[in-house]
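Undergrad: Starting off with a structure, shown below.
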Amino acid sequence: MPNIRDFTSALRQRPGVDAVLVLGKDGLLIEGFAAPGLNNEDLAARVPALVSEAESLGLATIQGPMNTAILEHQKGYAIIAALADDTLLLVLLRQSADLGGLLFDVRRYRGNIAALI
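Structure below.
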């Protein structure tokens, strides 16, 4: 049976992926990989504030809870996905990465990863 590391490894093998983290909504790292120069714990600690604001926006606009957020930065993207009520997935990727394919994989693996936590 696959474990969390198997799923995060599958995502990080994609070209252009710089980080794949599974974390709690409290910002504590559960499992993760980040390219040299990136700090797993620091990245994980920054995500909950973003998710909290996305959740507030969803409730204020009657859109419901956040499932996935995509942030576009000057040099790449961040995908943040809710896995379960208290668990999140962060994927950081470069501009050259296949954003659509990665988003498809995140949606495909989301339930599988959540079931392992």
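Those letters in the sequence shown? Residues -14 to 102, by the numbering used here. All C-beta atoms in this analysis are idealised placements derived from N, C-alpha and C, irrespective of residue type, glycine included. Every value quoted in this text rests on a predicted model; they were computed, and no experiment measured them.
(1) Could you check which residue in L35, D27, R(-3) and G12 has the C-alpha nearest to that of F18?
(2) Cα-Cα, which of S81, N(-12), L73 and I102 is closest to A29?
(3) Look at the Cβ atom of G9, then the Cβ atom of D70, and state whether they are nearer than 8 Å.
(4) Alpha carbons only, please: which of L35, P0 and L23 is nearest the one belonging to D11?
(5) Applying the 10 Å Cβ sphere with the 16-neighbour rule, what's the burial state of D3?
(6) DSSP on T46, reduced to helix/strand/coil?
(7) Between T(-7) and A54, what straight-line distance do the alpha-carbon atoms span, to the nearest angstrom?
(8) So what does R79 bridge to, in DSSP terms?
TA: So, from the data block:
(1) Of the candidates L35, D27, R(-3) and G12, the one whose C-alpha sits nearest the C-alpha of F18 is R(-3).
(2) Cα-wise, what sits closest to A29 is L73.
(3) The Cβ-Cβ distance between G9 and D70 does not fall below 8 Å.
(4) Ranked by Cα distance from D11, the first of L35, P0 and L23 is L35.
(5) Burial state of D3 is buried, judged by a 10 Å Cβ sphere holding 16 or more other Cβ atoms.
(6) In the structure shown, the three-state DSSP call for T46 is coil.
(7) About 18 Å.
(8) Partner residues in the beta bridge of R79, as assigned by DSSP, are G61.
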